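Note that numbering that gives the first Met the number 0 numbers the sequence shown so that position 240 is 239, with each residue one more than the last.
Ideal placement from N, C-alpha and C gives every residue a C-beta, glycine not left out.
Keep in mind it's a predicted model, so treat the numbers as computed, not measured.
The next block holds one structure in the form of structure tokens; read it before the comments.
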Amino acid sequence: MGIGGTLLLKNATLVATMDDVRREIAGGGVFIRGHTIVAAGLESELPATADEVIDCRGKVLLPGLVNTHHHFFQTLTRAVPAAQDADLFAWLRALYPMWARLTPEMLNVSATIAMAELMLSGCTTASDHLYLFPNGGRLDDTIAAARAIGLRFHACRGAMSLGESSGGLPPDVLVESADAILKDTRRAIETYHDAKRFALLRIAAAPCSPFSVSRDLMRETAALARAYGVGLHTHLAESDDDVLWSREKFGRTPAEYAADAGFTGPHVWHAHCVKLDAPGIALFARTGTGVAHCPTSNMRLGSGIAPVRAMLDAGLHVGLGVDGSASNDSAHLLAEARQAMLLQRAGFGADALTAREALELATRGGARVLGRDDIGHLAPGMAADVVAFDMKDLGFAGGDHDPLAALVFCAPARVDLSIIHGRIVIRDGHLATVDLPPIVERHRALARVLANGG
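What follows is the structure, encoded as structure tokens:
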């Protein structure tokens, strides 16, 4: 389908719109013109033809899934032995020396691999938190990868300024000066940020964490983000050690520290919040502050169970994140929705989170967390980000009683069809935008270089 052309998806087993009334349309379809949705409904409500028509018989259509937190570079350091059985702080200390050897090529190739993995799981929009820039690496390296592969991208210009010699956690070789961080954050915003509706690329300001960035830099970054009207992101309240650090260093809970630093409001979202207390939940709900819930990473590192049910009941905005591929160690966003459902049930009871609520976190919830009103559900005037899963997949056999719930309850599947901004990027389960096998081979070679000391 060319620019401005039309595309008709018809005969779907189910269209789960996730719209304002949560319509689920059996035998429905979606009509797209250019990069926007014109209609989502019954076949009788849609045009009979289009420039391209795809029969979606046997498939479930959804809005594209939204990933609100990731570290693409970590695909190069999956399953590292020294970090396999470590909690958050020990895990970081084990991996920092490897990450200090990252190169611009490594940032680009690892981002391509991470995005491909996300897209093949049904993701159409992803946020990446890149917080270290050794050996000449820049945010631009990951932006180039996103443009090549066709993912809708929120690039977070992360930062670490507080090294070990100044009482921080990361080694000094991985930190930058506050002036350099702020200067490059401005450059990234002014060069790349697109504030318009349907933007394919946005920039956010994203100090890494309270234990790797000074309090002054947190406040200055918050002011910079507000001045430019961009998103603001960091890690918060991820583990018991994280909370202890905040109380010992700042005399505040993580949520109180965030508020003091200017990290609350509708444009702000925090990763994890496993240890967010009741007053913190109330504060974030009251201010419209979002949370990126990363259940697999939280289990992997033994951090605990985020109180997502309590957050949702309080009206807090929650989306899903797969987190870095050294603490997950994958990037399957549909699998993350399943993990979110199961983990809430493990912690708070069998009805703590339904399959539909888990999918809502992965669609509408993620869109809201990223400050988007143009993605996350299927309705006229929304971005043409649509994915389809084939219910004939082996893992769904016997799941026809409720095809939508089966997407979450059953074994996570690869997406069959993916459309981003009106462009077909995955067809019949195959990525159409890049030649993946040689990139995978190069990625493996670069991972070996990192493992062997550069």
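query = Which partner residues of Arg32 appear in the DSSP bridge assignment?
reply = Thr5, Thr35
message = Once DSSP output is grouped into helix, strand and coil, what is the label at Ser208?
response = coil
inquiry  = Closer than 8 Å is the cut-off here; do at least three beta carbon pairs connect the stretch 37-49 with the stretch 90-107?
reply    = no
inquiry  = Closer than 7 Å to a non-hydrogen atom of the ligand GDP - does that hold for the CB of Met97?
reply    = Within the structure as shown, the ligand GDP is missing, as the structure has no ligands at all.
task = Assuming Phe197 contacts His34 (C-beta within less than 8 Å), just tell me the rounded distance between them.
result = 6 Å
query = Can you tell which of Ser324, Gly320, Thr48 has its C-alpha closest to the C-alpha of Ser126?
reply = Gly320
message = Counting beta carbon pairs with one atom in the stretch 253-269 and one in the stretch 46-63, are three or more of them shorter than 8 Å?
response = no
query = Is it a yes or a no for the stretch 174-194 touching the stretch 116-130, going by three-plus beta-carbon pairs under 8 Å?
reply = no
query = Can you give the Cα-Cα distance for Cys244 and Cys409, rounded to whole angstroms?
reply = The sequence as given places Trp at residue 244; Cys does not occur at that position. Their Cα atoms are separated by approximately 39 Å.
ask   = Roughly how many whole angstroms lie between the Cα atoms of Arg21 and Asp171?
value = 50 Å
inquiry  = In this structure, how does DSSP classify Ala357 when only helix, strand and coil are distinguished?
reply    = helix
query = Hey, would you say Ser268 sits closer than 8 Å to Thr111, going by beta carbons?
reply = Correcting the residue type first, residue 268 is Trp in the shown sequence and not Ser. It is not a contact, given that the beta carbons lie outside the stated cut-off.
query = For Ile438, which residues from the same chain have a beta carbon less than 6 Å from its beta carbon, with the 5 sequence-adjacent residues on both sides left out?
reply = Thr111
query = According to the Cβ coordinates, are Pro169 and Arg137 closer than 8 Å?
reply = no
Residue environment, Lys9, which counts as buried when at least 16 other CB atoms sit within 10 Å = buried
query = Among all the DSSP beta bridges, which residues are the ones paired with Val52?
reply = Leu7
ask   = What number of angstroms, rounded off, separates the C-alpha of Ile423 from the C-alpha of Leu173?
value = 39 Å
inquiry  = Report the CB separation of Val59 from Leu403 in whole angstroms; it is logged as a contact under 8 Å.
reply    = 6 Å
key: Gly63 to Ile31 span [Cα, whole Å]   = 14 Å
message = Is the separation between the beta-carbon of Arg156 and that of Ala222 shorter than 8 Å?
response = no
request  = Report the rounded CA-to-CA distance for Phe88 versus Ser238, giving the unit in angstroms.
outcome  = 9 Å
query = Taking buried to mean at least 16 other C-beta atoms within 10 Å of its own C-beta, is Gly1 buried or exposed?
reply = For Gly1, the pLDDT reaches just 49, beneath the cut-off of 50, and the residue's location in the model is therefore unreliable, although a value from the coordinates is still provided. By the 10 Å Cβ count, Gly1 comes out exposed.
request  = Write down every uninterrupted run of the alpha helix (DSSP H) in the stretch 272-326 whose length is 4 residues or greater and which is fully enclosed by it, in chain order.
outcome  = 277-286, 294-299, 307-312
When Arg77, Gly3, Ile142, Gly26 are compared against Ala446, the one with the closest alpha-carbon = Arg77
query = Which partner residues of His232 appear in the DSSP bridge assignment?
reply = Trp268
message = For Ala345, count the other beta carbons within 10 Å of its own beta carbon; 16 or more makes it buried, fewer makes it exposed. Which is it?
response = exposed
ask   = Between which two residues does the beta strand (DSSP E) harbouring Thr124 extend?
value = 122-129
query = When DSSP labels each residue in this structure, what does Asn451 get in the three-state scheme?
reply = coil
task = Ignoring anything shorter than 3 residues or poking outside the stretch 79-157, list the beta strand (DSSP E) runs there in chain order.
result = 122-129
ask   = What number of angstroms, rounded off, separates the C-alpha of Ile419 from the C-alpha of Gly57?
value = 21 Å
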